[in-house]
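K.L.:
Going down the list, the protein sequences come from chains C and D. Numbering-wise (the working numbering), the first sequence opens with residue 757 and increments by one. Numbering-wise (the working numbering), the second sequence opens with residue 12 and increments by one. Just so it is clear, CB atoms sit at the ideal spot from N, CA and C, and this is done for glycine as well. One structure is given below, represented as structure tokens, and several questions about it will come after.
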Amino acid sequence: MAMAALRREGRRFAPLISPRPITAVRSSPIAPTYEDEGPIGVRYISTQVVRNRMKSVKNIQKITKAMKMVAASKLRAVQTKTENSRGLWQPFTALLGDLPSVDVKKSVVVTISSDKGLCGGINSTAVKISKGIRKLNSGPEKETKYVVLGEKAKAQLIRDSKKDIELIITELQKNPLNYTQVSVLADEILKNVEFDALRIVFNKFQSVVSFLPTVSTVLSPEIVEREAESGGKLGDLDNYEIEGGETKGEILQNLVEFQFSCVMFNAVLENACSEQGARMSAMDSSSRNAGDMLDRLTLTYNRTRQASITTELIEIISGASALEG
Amino acid sequence: MLRQASRLLAHRPILAARTRAFSTDLPASEQTADATFAEAWNKVIPNIDPPKTPLSFMQPRPPAPSSIPSKLTVNFVLPYASELATKEVDMVIVPATTGQMGVLPGHVATIAELKPGVLSVHEGNEVTKYFVSSGFVFIHANSFADIIAVVAVPLDQLDANLVQKGLTEFTSKLSSATTDLEKAEAQIGVDVHSALNSSLTG
């Protein structure tokens, strides 16, 4: 390893200890150019470095453009599904209302994020909102746990809240999203996690360029009953007759589980849509930046090329005029 | 590239106008619920905007009218589609756990769980029948009915032979089941298939 370090050092010092006399380096302020020496006396500036950079930037531009097209086609596929699933959670909110500021002891935050990166800032906003909700619900006797869906949120939350994470679920989008898969997932969460209120944090897809972080609250049956008794938003829940021989408690239990799976399904789809949309815009801006960079590099390249041609001409002409006398 | 981008954007109409009501349209009670959350959020986390809640994305429902309206407004939703969205009909018959339940405008507010069976929607002279797997139906005081089912198929897409085969298969599984879980699963299969059978014949 010491030999490798020495070799590395040797390579770094090599340009300075070259046996040839160091001539004045003429370099443009933007791109580094090296002076080469060909046959005796002729100097020309190499454009190799600039050309290499241009090639790599062009490749990056092609890759990001391709990624944008792929994201656009995936978005089209998921978007129809998402729009169709939007009607699913509305009846529940119409019946049970939405109480994000409900006062509970055990709240569980379900953070939905993507597995792959390069999708802009949506995962960090989801994590920031989750942490904010945790702060909002902090107090004596209150605790907040996390259920994490997706690699990106897992990486961010594991750093400071490792002991608060109950479940981590990744590779959700390996197979196309469907309700059966999400209901199995919801079942797992309901079985393993105790909660008074579940808050699902996701990015709602509003348009290709706009994603709104949203939090949906699902209350456990006991809390629903408590809120219904105390009046207020859920007060007229008691006016609803329960059809069938089951008690109100049993029906509420089934209702809450069904509500959770429906809301999760919509949330997962919306987040997938937002992920593809964000990836589209991120890749679009990066290919545009690559294009700008390519333009600037082309200008530098041309300048360098013309400078070297001019130098050659000057030397030839001055040599010829020196011979003439 | 920019032309393509604008073409893509034009194909996707901006959804905000359709799904999001303006904040001035929200009835006062919904605004207060959102407002308390937003205030509490802004006190604790002033730098970040509060997240949106489902209430801001929902069309508000009309309050209970004083006289019984003439039509029932039905929302029939499935995970993959909204079959009927705020459709005005005369009557729906839903397969509740206690049997077929007819819902007319002015029905008392009810929450009912559904068992596998036939759902029929009556509008004027036409009747549309679906077989639903299970779900819930909420009937609100303002003659709005929300039917949420997991799977719903029109009856003409059911194959009688497959139904018979499934029924015999699940009855044999039920008789040979050992654990409680297997028994429960086989029982569910038998229930669904016998409901399918009776919907095709009856």
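Quick one: is M112 of chain D near chain C, going by C-beta distance under 8 angstroms?
P.N.:
The count along the second sequence starts at 1 and reaches residue 112 of chain D at position 101. Chain C contact via Cβ: present.
K.L.:
In chain order, what residues of the same chain lie with their CB nearer than 7 angstroms to the CB of D45 of chain D, ignoring the 5 residues before and after it?
P.N.:
Along the second sequence, read from residue 1 onward, the residue named residue 45 of chain D stands at position 34. For D45 of chain D, where only same-chain residues beyond five positions count, the Cβ hits under 7 angstroms are T64, L66 and S67.
K.L.:
Determine the burial state of I1072 of chain C: buried for a count of at least 16 other Cβ atoms within 10 Å of its Cβ, exposed for fewer.
P.N.:
Here residue 1072 of chain C refers to the residue found at position 316 of the first sequence. The residue is exposed, with fewer than 16 neighbouring Cβ atoms inside 10 Å.
K.L.:
Determine which residues share a DSSP beta bridge with S972 of chain C and list them.
P.N.:
The residue labelled residue 972 of chain C in the question sits at position 216 within the first sequence. Bridge partners of S972 of chain C: C:I956.
K.L.:
Is the number of C-beta pairs between the region 109-124 of chain D and the region 136-144 of chain D that are closer than 8 angstroms three or more?
P.N.:
No, because fewer than three Cβ pairs between the region 109-124 of chain D and the region 136-144 of chain D fall closer than 8 angstroms, the two stretches do not touch.
K.L.:
Using a beta-carbon distance cut-off of less than 8 angstroms, what residues from the region 89-113 of chain D approach chain C?
P.N.:
Per Cβ criterion, the list reads L89, P90, Y91, A92, S93, A96, A107, T108, T109 and M112.
K.L.:
With which residues is M102 of chain D paired in a DSSP beta bridge?
P.N.:
Along the second sequence, one-based indexing puts residue 102 of chain D at 91. In the DSSP output, where bridge partners are listed per residue, M102 of chain D has D:H133.
K.L.:
When Cβ atoms are compared, which residues of the region 885-907 of chain C fall closer than 7 angstroms to chain D?
P.N.:
Listed by position along the chain: I885, G888, K891 and L892.
K.L.:
For the region 939-946 of chain C against the region 851-860 of chain C, do three or more pairs of beta-carbon atoms, one drawn from each stretch, fall closer than 8 angstroms, so that the two count as touching?
P.N.:
Touching, no.
K.L.:
What do you get for N1058 of chain C, buried or exposed, if any count of 16 or more other CB atoms within 10 angstroms of its CB means buried?
P.N.:
In the first sequence, counting from the first residue as 1, residue 1058 of chain C sits at position 302. Exposed, by the Cβ-count rule.
K.L.:
Pull up the CB-CB distance for G853 of chain C and W52 of chain D, whole angstroms please, since I reckon it's below 8 angstroms.
P.N.:
Residue mapping note: residue 853 of chain C aligns to position 97 of the first sequence, counting from 1. Residue mapping note: residue 52 of chain D aligns to position 41 of the second sequence, counting from 1. That pair is no contact at about 19 angstroms.
K.L.:
Assuming S154 of chain D and T84 of chain D form a contact by the criterion Cβ under 8 angstroms, report the distance between their Cβ atoms to the nearest whole angstrom.
P.N.:
One-based indexing of the second sequence puts residue 154 of chain D at position 143. One-based indexing of the second sequence puts residue 84 of chain D at position 73. Correct: roughly 6 angstroms between the Cβ atoms.
K.L.:
In terms of residue numbering, what span does the alpha helix (DSSP H) encompassing P847 of chain C cover?
P.N.:
Position 91 of the first sequence, counted from the start, is the residue given in the question as residue 847 of chain C. Per DSSP, P847 of chain C belongs to the alpha helix (DSSP H) from Q846 to L852.
K.L.:
When the cut-off is 8 angstroms and only beta carbons count, does A123 of chain D lie next to chain C?
P.N.:
As a first step, residue 123 of chain D must be located in the second sequence, where it is residue number 112. Closer than 8 angstroms: yes.
K.L.:
Evaluate the contact criterion for the region 876-895 of chain C versus the region 1050-1065 of chain C: three or more CB pairs, one atom per stretch, below 8 angstroms.
P.N.:
The region 876-895 of chain C is not in contact with the region 1050-1065 of chain C.
K.L.:
Going by the CB atoms, is the gap between R955 of chain C and V866 of chain C shorter than 8 angstroms?
P.N.:
Within the first sequence, residue 866 of chain C is the residue found at index 110, counting from 1. Within the first sequence, residue 955 of chain C is the residue found at index 199, counting from 1. The answer is yes: Cβ separation under 8 angstroms.
K.L.:
In the structure shown, what three-state DSSP assignment does K54 of chain D receive?
P.N.:
Working through the second sequence from its first residue, we reach residue 54 of chain D at position 43. Helix, per DSSP.
K.L.:
Using the beta-carbon of each residue, which ones in chain D are nearer than 8 angstroms to V957 of chain C?
P.N.:
Position 201 of the first sequence, counted from the start, is the residue given in the question as residue 957 of chain C. In chain order: P62.
K.L.:
Along chain D, which residues have their Cβ under 9 angstroms away from the Cβ of N816 of chain C?
P.N.:
Numbered from its first residue, the first sequence carries residue 816 of chain C at position 60. Per the sequence shown, the amino acid found at residue 816 of chain C is Ile instead of Asn. Here the premise fails: no neighbours, minimum Cβ distance about 15 angstroms.
K.L.:
Going along chain C, which residues have a C-beta under 8 angstroms from F142 of chain D?
P.N.:
What you label residue 142 of chain D is simply residue 131 of the second sequence in a count that begins at 1. Simply none; closest approach about 17 angstroms.
K.L.:
Can you give the beta carbon distance from P856 of chain C to V971 of chain C, rounded, assuming they're within the 8 angstroms contact cut?
P.N.:
Here residue 856 of chain C corresponds to residue number 100 of the first sequence, with the count starting at 1. Here residue 971 of chain C corresponds to residue number 215 of the first sequence, with the count starting at 1. Yes, they are in contact, since the Cβ atoms of P856 of chain C and V971 of chain C sit about 6 angstroms apart, within 8 angstroms.
K.L.:
Just to make sure I have the definition right: I need the residues of chain D whose C-beta is within less than 8 angstroms of the C-beta of A998 of chain C. Which are they?
P.N.:
Stepping through the first sequence from its first residue, residue 998 of chain C is reached at position 242. In the sequence on display, residue 998 of chain C carries Ile and not Ala. Residues of chain D passing the Cβ test: T121, I122 and A123.
K.L.:
Quick one: which residues of the region 43-56 of chain D get their C-beta closer than 7 angstroms to a C-beta of chain C? List them in chain order.
P.N.:
From the region 43-56 of chain D, only A44, T47, F48, A51, W52, V55 and I56 have a Cβ closer than 7 angstroms to chain C.
K.L.:
P116 of chain D by DSSP, collapsed to three states: which one?
P.N.:
Looking up residue 116 of chain D in the second sequence gives position 105. P116 of chain D falls in the coil class under three-state DSSP.
K.L.:
Rounded to a whole number of angstroms, what is the C-alpha to C-alpha distance between A1078 of chain C and L1069 of chain C?
P.N.:
Within the first sequence, the letter at position 322 stands for residue 1078 of chain C. Within the first sequence, the letter at position 313 stands for residue 1069 of chain C. Answer to the nearest angstrom: the Cα atoms are 14 angstroms apart.
K.L.:
Would N153 of chain D pass as an interface residue toward chain C - the criterion being a Cβ-Cβ separation below 8 angstroms?
P.N.:
Within the second sequence, the letter at position 142 stands for residue 153 of chain D. By this cut-off, N153 of chain D is not an interface position.
K.L.:
Distance, Cα to Cα, V148 of chain D vs L851 of chain C?
P.N.:
Indexing the second sequence from 1 puts residue 148 of chain D at position 137. Indexing the first sequence from 1 puts residue 851 of chain C at position 95. Using only the alpha carbons, I get a separation of about 11 angstroms.
K.L.:
Provide the residue(s) that pair with N808 of chain C in DSSP beta bridges, ordered along the chain.
P.N.:
Reading the first sequence from its first residue, position 52 is the one you call residue 808 of chain C. The partner list for N808 of chain C (beta bridge, DSSP) is empty, contrary to what the question assumes.
K.L.:
According to DSSP, P932 of chain C sits in a beta bridge with which residue or residues?
P.N.:
For the purposes of this step, residue 932 of chain C is taken as residue 176 along the first sequence, with counting starting at 1. The partner list for P932 of chain C (beta bridge, DSSP) is empty, contrary to what the question assumes.
K.L.:
Closer than 8 angstroms by C-beta to S1037 of chain C: which residues in its own chain qualify, once you throw out the five before and the five after it? Chain order, please.
P.N.:
Translated into the one-based positions of the first sequence, residue 1037 of chain C becomes position 281. So the list reads G876, V964 and V965, once near-sequence residues are dropped.
K.L.:
Can you tell me where the beta strand (DSSP E) holding I979 of chain C begins and where it ends?
P.N.:
Here residue 979 of chain C refers to the residue found at position 223 of the first sequence. Looking at the DSSP string, I979 of chain C is not in any beta strand (DSSP E); the run it does join, the alpha helix (DSSP H), is P977 to S986.
K.L.:
Just reading off the beta strand (DSSP E) that T1066 of chain C is part of, what are its end residues?
P.N.:
As a position in the first sequence, residue 1066 of chain C is number 310, starting the count at 1. Run containing T1066 of chain C: none in the beta strand (DSSP E); it sits in the alpha helix (DSSP H), K1004 to E1080.
K.L.:
Going by Cα to Cα distance, which pick from D:P127, D:V100 and D:P116 is closest to G110 of chain D?
P.N.:
For the purposes of this step, residue 110 of chain D is taken as the residue at position 99 of the second sequence. The residue with the shortest Cα to Cα distance from G110 of chain D is D:P127.
K.L.:
Comparing the C-beta of C1018 of chain C with each C-beta of chain D, is any distance below 8 angstroms?
P.N.:
Here residue 1018 of chain C refers to the residue found at position 262 when the first sequence is read from its first residue. Closer than 8 angstroms: yes.
K.L.:
Does the structure place the region 1028-1047 of chain C close enough to the region 820-835 of chain C that three or more beta carbon pairs sit under 8 angstroms?
P.N.:
Judged by Cβ distances under 8 angstroms, the region 820-835 of chain C makes contact with the region 1028-1047 of chain C, as three or more pairs qualify.
K.L.:
With DSSP as the reference, label Q962 of chain C as helix, strand or coil.
P.N.:
Along the first sequence, one-based indexing puts residue 962 of chain C at 206. Q962 of chain C: strand per DSSP, three-state reduction.
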